[in-house]
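Q:
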Amino acid sequence: MADTSILPVLLAGGTGSRLWPLSRTLMPKQFIRLTGSQTMLQQTLARTTGLNAMAPAVVCNEEHRFIVAEQARQAGIELDKILLEPFGRNTAPAIALVAMQQKARKQDPLLLVLPSDHLIDDDQRFLALMRQGAEEAAKGRLVTFGIVPTGPETGFGYIDAGEALGADEKAFRVSRFVEKPDQKTAEEFLAAGNFYWNSGMFIFRASVYLEELENSRPDIFEACEKAAGAMQQDADFDRVPADIFQACPDESIDYAVMEKTEKAAVVPFDAGWNDLGSWSALWDVENKDSNNNVCIGDIVTHDSRNSYIRGESRLVAAVGVDNMVIVETKDAVLVAHKDSVQDVKKIVQEIKVQERTEHHAHVRVYRPWGDYESIDEGHRFQVKRITVKPGEKLSLQMHYHRAEHWIVVKGTAIVECNGEEKLLTENQSTFIPIGATHRLTNPGKVPLELVEVQSGAYVGEDDIVRFEDTYGRS
């Protein structure tokens, strides 16, 4: 009897550059609370629980592994595995690696592939449509979910639905996939009534996907097969070896499989979907005030309307603005016309060209043991606020170019320096010389907060040698 188990596969490897300055390389949009009290990843994980499915698998970049693990823990959801890519190779290889993992376990579930950064309004409708898709996937079809269009959108690819696959007309054969159209073509698609937006959501049997991938793109199949065979297991993480995965082509599932297979089917999806791909999309879905403004944070407005205004760390005041996006973070402010927000990614590209760092990380950087925030920096010095979670410890490490002064503000610290340990409490401090082997541990029940003053010829984050590390980074 065929396996009808469903394995949710969450793809969490995107960068979300169009939502800069909130979304950045080390903290992209899927890990941020954009709407509601949960992050987009947590909302997607929670949505799958209604399927009574297998524990979800998450595919993400190695840099985000502890963020994924922590957010799943906070949401109370147990994961199957977190598959770590050393770098992105798009969706076709990511899905293949999960399918090959299941094959190695001698399992053949239905893989429900979901982007981790989409908003869906109606969870019950979502579950019903996923079950419809599962029925078609159990018949050997590769099912995609086509968003019922609400307007002539030019920012999405389209799916042209052919004949119905049953009398109930709940699923259709895919006639063709269409690239993002111009305005006139999008209006024609909308009028035709049989075109759907390409959502990036799929369900199919693992073995069927692998068969179709091997037929259409044997180069991707072989590269993934080698990578899966050499995968390294580390607690809850499965690491893909970089030297092998480097040879894998970068290709989406649409180009690699769905556009070539004869087994493609589409289920129309009408559960209130939004990919939150831009600031204007966020303005669309958020509650608005009497002037049609979305105001998040400490905001004061006068004679302003139709705008998205967000402050993360300070008062933001807007006077006489209309149809604008204003987003403030501790180290960057974005001001854009709402009709031009698709070009935010060009600003991110320019920041990279200028070799700046504001595209890469926030002032506050999250680590598996807690977080740190840079509060001042100058020639030969840097000041950070460090928070260590209860029971956690930093790596045993050494710096070639900087010394460090630690002042405990809250909690208790065990400081190991050149083999000697000392206990520090609030208002006590210690000095770590250049070249000293040292480690910081929070042995208490409350977060440890301290101020770190770095001084030396070079205070970059890459001046670190790790000798031991609880989190596998040494």
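First residue of the sequence shown: 1, per UniProt numbering; consecutive thereafter. Cβ atoms here follow ideal geometry from the backbone N, Cα and C, with glycine treated the same way.
Within 10 angstroms of its Cβ, does GLN183 collect 16 or more other Cβ (buried), or is it exposed?
A: exposed
Q: Taking only three categories from DSSP, how would you classify ARG18?
A: helix
Q: What three-state label does DSSP hand GLN107 in the structure shown?
A: coil
Q: Measuring CB to CB, does LEU129 end up less than 7 angstroms from ILE6?
A: No, the pair does not count as a contact, with Cβ atoms beyond the cut-off.
Q: To the nearest angstrom, how far is the alpha carbon of VAL327 from that of VAL453?
A: Distance between the alpha carbons of VAL327 and VAL453: 30 angstroms.
Q: Please check the pair ASN61 and GLY13, which I expect to be a contact at CB under 8 angstroms, by giving their CB distance rounded to whole angstroms.
A: 5 angstroms
Q: In this structure, how does DSSP classify PRO115 when only helix, strand and coil are distinguished?
A: PRO115: strand per DSSP, three-state reduction.
Q: Counting only runs that start and end within the region 267-332, where is the alpha helix (DSSP H) found for 4 or more residues in a row?
A: 279-285
Q: Should ALA457 be listed as close to the ligand ADP, given that the test is whether its C-beta is under 6 angstroms from any heavy atom?
A: This structure lacks the ligand ADP; in fact it carries no ligand of any kind.
Q: Rounded to the nearest angstrom, what separates THR25 and ALA167 at their Cα positions?
A: C-alpha of THR25 to C-alpha of ALA167: approximately 47 angstroms in a straight line.
Q: State yes or no: is the C-beta of ASP238 within less than 7 angstroms of the C-beta of LYS81?
A: Yes, Cβ-Cβ distance for ASP238 and LYS81 is below 7 angstroms.
Q: Please tell me whether ALA457 and PRO433 are closer than 7 angstroms, where the distance is taken between their beta carbons.
A: With a cutoff of 7 angstroms on beta-carbon distance, ALA457 and PRO433 are scored as not near each other.
Q: Under three-state DSSP, which class holds MET40?
A: Looking at MET40 - three-state DSSP - the assignment turns out to be helix.
Q: Drop a sphere of 10 angstroms on the beta-carbon of ARG141, count the other beta-carbons inside from all chains shown, and report buried for 16 or more, exposed for fewer.
A: buried
Q: Please determine, among GLY297, ASP339, LYS393 and GLN382, the residue with the shortest C-alpha to C-alpha distance to THR35.
A: GLY297
Q: Would the region 156-165 and the region 234-249 be scored as touching if the rule is three or more Cβ pairs under 8 angstroms?
A: Taking one beta carbon from each stretch, the region 156-165 and the region 234-249 have fewer than 3 pairs nearer than 8 angstroms; the two do not touch.
Q: In whole angstroms, what is the alpha-carbon distance linking TRP224 and ALA96?
A: The sequence given here places Cys at residue 224; Trp does not occur at that position. Answer to the nearest angstrom: the Cα atoms are 7 angstroms apart.
Q: So what's VAL58 in DSSP terms, helix, strand or just coil?
A: strand
Q: Looking at the structure shown, is PHE189 part of a helix, part of a strand, or coil, going by DSSP?
A: helix
Q: Consult DSSP for HIS64 and reduce its assignment to one of helix, strand or coil.
A: Here HIS64 carries a helix assignment [DSSP, helix/strand/coil].
Q: Considering only residues of the same chain and omitting the five flanking positions on each side of PRO86, which have a CB-CB separation below 7 angstroms?
A: GLU62, VAL240, ALA242 and PHE245
Q: Less than 8 angstroms between the CB atoms is what I'm expecting for TYR196 and PRO149, so what's the real figure, rounded?
A: 7 angstroms
Q: Assign CYS224 to one of three DSSP states: helix, strand, or coil.
A: It is helical.
Q: Find out if the Cβ-Cβ distance for the pair VAL409, LEU450 is shorter than 7 angstroms.
A: yes
Q: Name, in chain order, the residues that DSSP records as bridge partners for PRO8.
A: LEU112
Q: Since ASN198 is in the beta strand (DSSP E), which residue starts that stretch and which ends it?
A: 195-205
Q: Nearest to HIS379 by CA position, among MET231, GLY460, VAL266 and LYS103, is which residue?
A: GLY460
Q: Which same chain residues, not among the five before or five after ILE120, have their C-beta less than 7 angstroms away from its C-beta?
A: ARG47, PHE126, ALA271, GLY272 and TRP273
Q: Taking 6 angstroms as the limit between beta carbons, can you name the residues of its chain near LYS263, skipping five residues before and five after?
A: ARG141 and LEU142
Q: Give me the Cβ distance between ALA336 and VAL344, rounded to the nearest whole Å; I'm assuming they're in contact under 8 angstroms.
A: 6 angstroms
Q: Less than 7 angstroms between the C-beta atoms of ALA57 and GLU251, yes or no?
A: no
Q: If you run the structure through DSSP and keep just helix, strand and coil, what is TYR255?
A: In this structure, TYR255 counts as helix in the three-state DSSP scheme.
Q: Considering only DSSP beta bridges, list what ASP123 is partnered with.
A: None; ASP123 has no bridge partner.
Q: With DSSP as the reference, identify every bridge partner of ARG173, one or two as the case may be.
A: ALA265
Q: Run through DSSP, which three-state label would SER23 get?
A: coil
Q: Within the continuous beta strand (DSSP E) that includes ASP160, where are the two ends?
A: 158-164
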